[in-house]
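The structure under discussion appears below in the form of structure tokens.
Numbering (my numbering), first residue to last: 83 to 659.
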């Protein structure tokens with residue numbers, strides 16, 4: 083491995099240190115000469131590497147590969163730059179709740195009845211999320227089989243572009259102090275490390291509230307070696323048909339469609355090291371494998387898809403870390419803030435917070451809009467009755483006004499242990515597949531949620547947080563508010579004696595940390611090569627067994643860099659791995 087590190091240093095030096103940016107200030111959006119609309123792409127293209135998905139892992143992966151090979155990136159969404167819904171912290175919930183056909187957020191509802199969204203934009207989930215930046219645990223890195231020294235180097239490479247120490251204002255400080263007061267110890271200060279206790283983590287929002295996404299990592303790319311096409315939807319991966327028993331299919335190209343509906347063909351060049359790499363995320367990657375003929379044979383045949391490899395584990399192990407929270411109106415003005423503080427408990431529940439008028443007010447109201455949208459689109463009855471809907475609106479109107487001040491304190495659990503599956507609904511790559519996460523199927527997950535909610539209640543009742551509490555609004559009123567809001571489409575229990583177990587089950591939401599579907603040692607090997615075929619890898623969060631750290635984006639970006647270096651090393655130093 084020493085040769086790997088030495089060679090990696092030389093390549094970075096040759097690339098030039100002038101690409102690094104100051105950690106402390108915001109710059110104008112980068113202008114990339116190599117980013118174009120797919121409508122301008124040639125009918126046929128040839129590259130060394132074809133990266134499907136310009137998201138949280140795809141951007142650092144492609145930027146790294148371009149230092150030693152030609153790279154084509156096919157991103158189904160548009161650019162985040164110049165879009166205030168994406169780039170401004172005050173508009174966080176607006177981008178997530180945007181239901182327009184070309185929005186950066188493609189919404190879906192899991193079969194569990196939980197509202198969710200998947201990214202459809204250059205930069206992927208880093209262009210939509212709450213911005214928290216924190217590393218995976220040491221144990222996660224060990225179980226993944228990664229080299230710790232190069233993991234640290236890869237994190238640092240990412241952090242030079244997109245990670246910042248957040249300003250700690252009153253709301254975030256009160257929650258931090260409340261966590262310490264109720265015993266989530268020790269206090270670890272500002273750190274990216276995943277360690278028990280309370281800490282301030284990093285953020286991809288700079289001090290001006292400007293978002294820095296994984297797309298910023300394309301600043302590292304060699305412009306002469308990379309092409310990024312936007313609104314380029316891949317329909318399928320192409321495989322050779324050998325006709326020889328025991329011979330493995332080999333990926334050699336892809337078919338993609340531009341925004342006008344025209345098809346293009348991209349092929350790998352002749353070098354034996356060339357590969358196609360799927361980085362389409364935990365929904366898109368297993369979906370594309372299935373559309374390309376790799377998945378459960380019976381399921382593929384039922385959709386008229388020719389089977390390339392009968393792989394029953396594609397789409398399995400789908401997991402989403404459940405989130406539950408309390409919404410807390412405040413008698414005092416609060417800052418606009420997203421996730422900055424986290425309490426990492428010893429029972430493996432993570433406590434986080436966000437605040438501010440533009441966040442809280444639009445966050446609460448978006449559930450009403452989503453519910454109405456769901457009914458308009460499907461015409462199907464749901465668990466939320468008309469009476470319950472009326473109750474939710476009345477509760478909302480009584481506690482939330484245009485002058486609302488407040489925020490949320492949330493918990494998510496480690497893992498989770500509960501998993502589900504992904505299946506195709508149609509063969510149209512633009513359509514969402516069917517996904518079930520089986521929230522709280524395993525009692526261990528529910529127990530962690532209950533312990534997390536108890537900790538939130540203790541923080542809300544703490545002396546440190548007291549100035550943000552309405553004196554006449556007990557915790558039970560906050561619980562009643564959440565139970566009455568249409569935060570999902572699951573059955574609801576409105577008893578005032580509701581248990582925390584029932585509260586967790588009834589009010590579960592996503593924190594957008596879903597993963598699985600192409601898991602290591604089940605769909606891909608330890609080098610992220612798809613089992614049963616050649617020249618095809620999956621490198622993104624779909625390969626994870628568990629979600630890394632408290633929030634996964636730092637590790638997903640790190641993985642793109644980490645594997646990009648490994649792949650280039652194997653390409654340019656024959657016989658080395």
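We put the beta carbon where it would ideally sit given N, CA and C, even for glycine.
Here the structure is a predicted model, which is why all the values come from computation and not from measurement.
Of all the options 312, 392, 497 and 374, which has the alpha carbon lying nearest to the alpha carbon of residue 509? 374
In this structure, does DSSP put residue 109 in helix, strand or coil? At residue 109 the pLDDT is 47, less than 50, meaning the model places this residue with poor confidence; the figure from the coordinates comes in the next sentence. Three-state result, residue 109: coil.
Could you tell me whether the region 285-303 touches the region 569-583, using the rule of 3 or more Cβ pairs below 8 Å? no
For residue 417, which of helix, strand or coil comes out of DSSP? coil
So residue 133 packs on residue 117, CB below 8 Å; how close in whole Å? Actually they are not in contact, since the Cβ atoms of residue 133 and residue 117 sit about 13 Å apart, beyond 8 Å.
Report yes or no: is there a C-beta of chain D within less than 7 Å of the C-beta of residue 176? Here there is only one protein chain, and chain D is not present.
The alpha helix (DSSP H) spanning residue 239 covers which residue range? 230-244
Going straight from the alpha carbon of residue 500 to that of residue 429, what length do you get? 17 Å
Quick one: what does DSSP say residue 382 is sitting in, helix, strand or coil? helix
To which residues of the same chain is residue 392 closer than 6 Å at the C-beta, ignoring the five residues directly before and after it? 379
Looking only at its chain, what residues have a beta carbon closer than 6 Å to the beta carbon of residue 425, apart from the 5 residues adjacent to it on each side? 261, 266, 280 and 433
Would you report the Cα separation of residue 438 and residue 289, rounded to the nearest angstrom? 16 Å
Could you spell out the range, first to last residue, of the alpha helix (DSSP H) harbouring residue 525? 525-542
With a threshold of 16 other CB atoms inside 10 Å of the CB of residue 692, please say whether the residue is buried or exposed. The structure shown does not extend to residue 692, since the chain is modelled only from 83 to 659, so the question has no answer here.
N- and C-terminal bounds of the beta strand (DSSP E) containing residue 189: 187-191
Mapping DSSP to helix, strand and coil, what is residue 601? coil
On the three-state DSSP scale, how would you describe residue 344? coil
Per DSSP, residue 581 forms a beta bridge with which residues? Partner(s): none; residue 581 has no beta bridge.
Of the listed residues 647, 532, 394 and 171, nearest to residue 405 (C-alpha basis): 532
What are the complete beta strand (DSSP E) segments, minimum 3 residues, inside the region 628-654? none
Simplified DSSP state of residue 305, which is helix, strand or coil: helix
Is the beta carbon of residue 515 less than 7 Å from the beta carbon of residue 317? no
Between the alpha carbons of residue 274 and residue 220, how many angstroms are there, rounded? 12 Å
Could you check the C-alpha separation between residue 611 and residue 293 for me, to the nearest Å? 33 Å
With three or more beta-carbon pairs closer than 8 Å as the criterion, would you say the region 118-128 touches the region 172-191? no
Rounded distance between the beta-carbons of residue 367 and residue 620, thought under 8 Å: 5 Å
Report buried or exposed for residue 660, applying the criterion of at least 16 other Cβ atoms within 10 angstroms of its Cβ. The requested residue 660 is not part of the displayed model; the chain covers only 83 to 659.
Could you name the residues of the same chain whose beta carbon sits closer than 6 Å to that of residue 105, not counting the 5 residues immediately before and after it, in chain order? Only weak support exists for where residue 105 lies, its pLDDT of 33 falling under 50; the coordinates are left without a value.
Is the beta carbon of residue 606 less than 7 Å from the beta carbon of residue 625? yes
Are the Cβ atoms of residue 335 and residue 349 separated by less than 7 Å? yes
Report the option in 646, 656, 655 and 653 whose CA atom is closest to the CA atom of residue 232. 646
Below 7 Å between beta carbons: does that hold for residue 557 and residue 538? no
Would you mind sorting residue 383 into buried or exposed? The rule is 16 or more other CB atoms within 10 Å of its CB. exposed
With DSSP as the reference, label residue 465 as helix, strand or coil. With a pLDDT of 47 at residue 465, under the threshold of 50, the modelled position of this residue cannot be trusted; read the value that follows with caution. Residue 465: coil per DSSP, three-state reduction.
Do you know how far the Cα of residue 604 is from the Cα of residue 150? 30 Å
How would you call residue 179, buried or exposed, if buried means at least 16 neighbouring beta carbons within 10 angstroms? buried
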